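Okay, structure first, notes after.
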Amino acid sequence: MTETHPPPPGTELLDNEAADPTLVAVSLHNLARSNRWFGGTWAVRSGLRDLLHSYPHRTARLLDVGAGGGDLSRYAVGWAAKRGITLLPYGLERLRT
170 MTETHPPPPG TELLDNEAAD PTLVAVSLHN LARSNRWFGG TWAVRSGLRD LLHSYPHRTA
230 RLLDVGAGGG DLSRYAVGWA AKRGITLLPY GLERLRT
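Rendered as structure tokens:
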């Protein structure tokens, strides 16, 4: 049996492999909400608008590194779809939780 140890002080919840999945879910929900309120979605929209305004194709790929719960990728897919572009998201996250 493997002994587990608490993470060192200052370890972020979302970087803690032993974190309680319920706390992780709450934290990801709060991050998604703060993205809506404090400019994360605006930054995605602004970047996509600048990048895709003269994009000649109707399909594009999006790599979301540190995707968390995927809220920004979901937003980007919906935003692009309203403009006739199919955005294929690929999310990378270090921990499964």
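The opening position of the sequence shown corresponds to residue 170 in our numbering, with each subsequent residue numbered one higher.
Idealized CB from N, CA, C, for every residue including glycine.
Quantities reported herein were computed from a predicted structural model and do not represent experimental measurements.
Along the beta strand (DSSP E) that carries Ala229, what are the first and last residues, could you check?
-> 228-234
Run through DSSP, which three-state label would Leu200 get?
-> helix
Comparing alpha-carbon positions, which option in Arg227, Ala229, Tyr244 lies nearest Asn204?
-> Tyr244
Indicate whether the contact test is met: 3 or more Cβ pairs, each with one atom in the segment 211-220 and one in the segment 191-202, closer than 8 Å.
-> They do not touch, by the three-pair rule.
Spatially closest choice to Ala229 from Pro258, Arg263, Ala187, Ala188, by CA coordinates = Pro258
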